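Participant:
Residue numbers (our numbering): -10 to 609.
1. Which residue's Cα is closest to the Cα of residue 533: 353, 289, 85 and 388?
2. Starting from residue 99, trace the alpha helix (DSSP H) in both directions and tell me its first and last residue.
3. Count the other C-beta atoms from every protein chain shown that fall within 10 angstroms of the C-beta of residue 341, then say buried if there are 16 or more, exposed otherwise.
4. Beta-carbon separation of residue 270 and residue 577 under 8 Å?
5. Please list the segments of the alpha helix (DSSP H) lying wholly inside the region 385 to 454, counting only runs of 4 or more residues, in order along the chain.
6. Roughly how many whole angstroms lie between the Cα atoms of residue 198 and residue 208?
7. Please classify residue 557 as buried or exposed, where buried requires at least 16 neighbouring CB atoms within 10 angstroms.
8. Are the beta-carbon atoms belonging to residue 591 and residue 245 less than 8 Å from one another?
9. Please work out which residues of its chain come closer than 6 Å, Cβ to Cβ, to residue 204, disregarding the five sequence neighbours upstream and downstream, and give them in chain order.
10. Measuring from the CB of residue 244, is there a heavy atom of the ligand FMN at a distance below 7 Å?
11. Indicate whether the contact test is met: 3 or more Cβ pairs, each with one atom in the region 348 to 361 and one in the region 305 to 323, closer than 8 Å.
12. Can you have a look at residue 154 and say buried or exposed, based on whether 16 or more other CB atoms are within 10 angstroms of its CB?
13. What is the DSSP secondary structure of residue 482, reduced to helix, strand or coil?
14. Confirm, please, whether the CB-CB distance from residue 383 to residue 412 is below 8 Å.
15. For residue 242, is the classification buried or exposed, using 16 other Cβ atoms within 10 angstroms of its Cβ as the cut-off for buried?
16. For the alpha helix (DSSP H) that residue 555 lies in, which residues bound it at each end?
17. How would you call residue 421, buried or exposed, if buried means at least 16 neighbouring beta carbons within 10 angstroms?
18. Let me confirm a value: residue 328 is counted as buried when at least 16 other C-beta atoms fall within 10 Å, else exposed. Which label applies?
19. Using 8 Å as the threshold, is the C-beta distance between residue 470 and residue 575 below it?
20. Measuring CB atoms only, is the region 511 to 521 touching the region 443 to 463, in the sense that at least three cross pairs come out at less than 8 Å?
21. What residues match up with residue 366 in a beta bridge as DSSP calls it?
22. Given a threshold of 16 other Cβ atoms within 10 Å of its Cβ, counted over all protein chains shown, does residue 192 qualify as buried or as exposed?
23. Straight-line CA distance for residue 489 to residue 396?
24. Considering only residues of the same chain and omitting the five flanking positions on each side of residue 315, which have a CB-CB separation below 7 Å?
25. Could you pull the DSSP bridge partners for residue 477 from this structure?
26. Report the CB separation of residue 200 from residue 231 in whole angstroms; it is logged as a contact under 8 Å.
27. Can you give me the C-alpha to C-alpha distance between residue 589 and residue 563, rounded to a whole angstrom?
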């Protein structure tokens, strides 16, 4: 015992020895754990990614050192975990791990069911354990964070128009590189609908009219390129305006100079944003309206009195109507969102629900008016049947020889054998575009009966067909989404479709790059798919990355029991789920999520009293 509160030299020496022994024990235990983790992880990498170079290599030592560092950090902060936090982490990690392992097997073997049950369970649990370990290092702040009722307004004073101008100037080089814009996707078909006055509801009428009107304006000016350029500028302007409005609100929430610069850097330097802003597809304006709707729900969630603002309600309602006019599946997302809002918010959610339903009614009215005026041909019902047609086609493709004659006859009646031969696992266009919808309409009950019978007999093929069609949305390492239509600089196909659509004589759009050096770099990255060769950063281009980031955002909100965090993203999340029923996975489908997530995570960080970075440092 210390005398008069002072330790003797011998007592100090004893304590030092004990401390040294404890530290040695700590280091030995961590080293043993690290070696086990490193060996298991390298074995997994070797099996799944053929990473055999790590086996007999000095690089495995550096790999071990990194693992040891993380294990040591984990040991220091694990005591701060609560049971609830651990349960959430386990759930997230197992969910993510299952997606990764199934994606690996699907890519390698062409089937999510081509595996040994014990083997796949082992791999799921191993990846889940590793994911838990790594996620735990970053999750400590969440357990101690408290959602603020209000935030101090930032001292940063930047007018919205300044942000808008900066964004436009940042995107200008890409517009010059692809002058007069990226006239791709369905642009040629939509423009000719307006010129020939033969409309179809296959594409949103409002976008067809808008694109076609600008093209005709170019014709009046005797330059088709001018029409495409003006439309590209319109899209850039709307996107920049909505982004600047969103960033301005983040400033009001407390965003500082560094955060402001970071957001601008993301939206200017990440090439998907400027390239998409000049791509003639409905998804761009849809994304702008989606971002506006997300920020609107942030505002009313932060301050209930803002429901009384007629200006803000007009913006919110207009954004919802814009979403539904530019994407038909957004209507279903909005309708399904209503009971979920009631579940989350109970009586407080009635204002949200009333606005959503009112917006749905306005959308139906506008679409009804356009249908009366334009008399468009109805879109084919097969467009909504990508998944079932793909599942049936896969059965016919792989089991033609062992199908019962009656079942085969029924299958071939709806999907002829020559169409079945078009089956491609990752895209349904080769099947659905050549199916006679009149046969399905005439005997819908028989079609459903045939679909069910085939599913009962070949459940594995149905599961694999759905997995192959949707893997780009949930498997981060998937590369099929960049190869759906082909790839290569000559074809200008790949991750980002930049191929100019062929137009009839007299309606040609000519690509005249004003910045060929930049265009060459971007084409190398996205037509040749060279972005996949960039470690770490390549994952930022994966559609699945944004899907998982959105899921994580929602789980954090649920963990914190904060409807303020979850409500703004609900409609966007439901829209994302509807994509799983679509014909394929390409980046433009998830672009609304891509544009919203930096703002959403800014909102998440700014809604906490606790600094995440500071908390992690202190924990260590």
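The beta carbon of each residue, even a glycine, is placed where N, CA and C say it ideally should be. Just so we're clear, the structure is a prediction, and the values are computed from it rather than from any experiment.
Facilitator: Quick answer:
1. Here residue 533 refers to the residue found at position 544 of the chain shown. The option with the nearest alpha carbon to residue 533 is 85.
2. Counted from its first residue, the chain shown places residue 99 at position 110. Counting along the chain, residue 99 falls outside any alpha helix (DSSP H), and DSSP gives it neither H nor E.
3. By 1-based counting over the chain shown, the position of residue 341 is 352. Residue 341 is buried by the Cβ-count criterion.
4. Residue mapping note: residue 270 aligns to position 281 of the chain shown, counting from 1. Residue mapping note: residue 577 aligns to position 588 of the chain shown, counting from 1. A contact, by the Cβ cut-off of 8 Å.
5. Counting only runs of 4 or more, we get 394 to 403, 406 to 409, 418 to 421, 426 to 431 and 433 to 446.
6. Reading the chain shown from its first residue, position 209 is the one you call residue 198. Reading the chain shown from its first residue, position 219 is the one you call residue 208. Those two C-alpha atoms are separated by around 15 Å.
7. In the chain shown, the residue the question calls residue 557 occupies position 568. Buried, since its Cβ has 16 or more Cβ neighbours within 10 Å.
8. Mapped onto the chain shown, residue 591 falls at position 602. Mapped onto the chain shown, residue 245 falls at position 256. No; because the gap between Cβ atoms is not below 8 Å, this pair is not in contact.
9. For the purposes of this step, residue 204 is taken as residue 215 along the chain shown, with counting starting at 1. Correct list, in chain order: 180 and 216.
10. Among the components modelled here there is no ligand, and therefore nothing to report on the ligand FMN.
11. Remark: three or more beta-carbon pairs, one from each stretch, lie closer than 8 Å, so the region 348 to 361 and the region 305 to 323 are flagged as touching.
12. Here residue 154 is taken as the residue at index 165 of the chain shown, counted from 1. By the neighbour-count rule (16 or more Cβ atoms within 10 Å), residue 154 is not buried but exposed.
13. The residue given as residue 482 occupies position 493 in the chain shown. Strand.
14. Indexing the chain shown from 1 puts residue 412 at position 423. Indexing the chain shown from 1 puts residue 383 at position 394. Taking 8 Å as the Cβ cut-off, residue 412 and residue 383 qualify as a contacting pair.
15. One-based indexing of the chain shown puts residue 242 at position 253. Buried, because 16 or more other Cβ atoms sit within 10 Å of the Cβ of residue 242.
16. Along the chain shown, one-based indexing puts residue 555 at 566. Per DSSP, residue 555 belongs to the alpha helix (DSSP H) from 552 to 555.
17. The residue you call residue 421 lines up with position 432 of the chain shown. By the 10 Å Cβ count, residue 421 comes out buried.
18. Residue mapping note: residue 328 aligns to position 339 of the chain shown, counting from 1. Under this definition residue 328 is an exposed residue.
19. Translated into the one-based positions of the chain shown, residue 470 becomes position 481. Translated into the one-based positions of the chain shown, residue 575 becomes position 586. Yes, these two residues count as a Cβ contact at 8 Å.
20. no
21. Start at 1 with the first residue of the chain shown, and residue 366 comes out as number 377. Paired residue(s): 189.
22. Start at 1 with the first residue of the chain shown, and residue 192 comes out as number 203. Classification for residue 192: buried.
23. Within the chain shown, the letter at position 500 stands for residue 489. Within the chain shown, the letter at position 407 stands for residue 396. One C-alpha to the other measures close to 43 Å.
24. As a working mapping, residue 315 is identified with position 326 in the chain shown. Result list for residue 315: 193, 195, 196, 271, 274, 275 and 278, in chain order.
25. Numbered from 1 along the chain shown, position 488 holds the residue referred to as residue 477. DSSP, once it has assigned bridges, lists 482 as partnering residue 477.
26. What you label residue 200 is simply residue 211 of the chain shown in a count that begins at 1. What you label residue 231 is simply residue 242 of the chain shown in a count that begins at 1. In fact, because the Cβ distance is near 19 Å, the residues do not count as touching under 8 Å.
27. Here residue 589 corresponds to residue number 600 of the chain shown, with the count starting at 1. Here residue 563 corresponds to residue number 574 of the chain shown, with the count starting at 1. About 16 Å.
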